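Working notes for the structure below.
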Amino acid sequence: MTQPKHIGQVGEAGSETKDTLLVFPTAFPIKAMGRMKSQDATPARPDFAQTVAAIVLKHAPDFDIATLEMRPSKNGNFISVTATINATSKPQLDDIYRELTAHPAVLMAL
Numbered sequence: 000m001t002q003p004k005h006i007g008q009v010g011e012a013g014s015e016t017k018d019t020l021l022v023f024p025t026a027f028p029i030k031a032m033g034r035m036k037s038q039d040a041t042p043a044r045p046d047f048a049q050t051v052a053a054i055v056l057k058h059a060p061d062f063d064i065a066t067l068e069m070r071p072s073k074n075g076n077f078i079s080v081t082a083t084i085n086a087t088s089k090p091q092l093d094d095i096y097r098e099l100t101a102h103p104a105v106l107m108a109l
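The opening residue of the sequence shown carries number 0 in numbering that gives the first Met the number 0; numbering runs sequentially from there.
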């Protein structure tokens, strides 16, 4: 009978972590949502995609900004931006999400 697969500590490329089932490096999509029109206390950011790209590039310098995907909401009030990066570790992903969610223009990051 085979032993269950245990997930190890954060390690080198090609390893798994105990906090995730991802095997690094891996292509990983990061999506951020923001406003296209001002509402309430959250102002619109015409440069939202550039803001997201700058944050992602800070943590994933090999990210190709030309692959950034943008999609407005049905009524044009919101915009989602997807950046697919070559993720190398869970701490890298955590840092990106932490910085995105701390930014006032970002309503949500997935």
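Glycine included, each C-beta is placed from N, C-alpha and C at the ideal position.
If you're wondering where the values come from, they're calculated on a predicted model, not measured in any experiment.
Could you tell me whether the Cβ atoms of residue i and residue j are closer together than 8 Å?
| i | j | result |
| --- | --- | --- |
| Phe62 | Val55 | yes |
| Met35 | Asn76 | yes |
| Leu67 | Ala53 | no |
| Thr83 | Ala26 | yes |
| Ser79 | Lys30 | yes |
Using CA atoms only, rank isn't needed, just tell me which of the options is closest to residue i.
| i | options | result |
| --- | --- | --- |
| Met69 | Gly75, Pro60, Asn76, Thr81 | Thr81 |
| Leu109 | Thr25, Leu21, Leu20, Met32 | Met32 |
| Pro90 | Leu67, Thr100, His58 | His58 |
| Phe23 | Lys73, Ile29, Lys36, Asn85 | Asn85 |
| Pro60 | Ile95, Lys73, Ser79 | Ile95 |
Tell me the residue span of the alpha helix (DSSP H) that contains residue i.
| i | result |
| --- | --- |
| Val55 | 47-58 |
| Lys89 | 89-101 |
Specify, as a first and last residue, the run of the beta strand (DSSP E) that residue i falls within.
| i | result |
| --- | --- |
| Ile64 | Counting along the chain, Ile64 falls outside any beta strand (DSSP E), and DSSP gives it neither H nor E. |
| Thr83 | 77-86 |
| Met32 | 25-34 |
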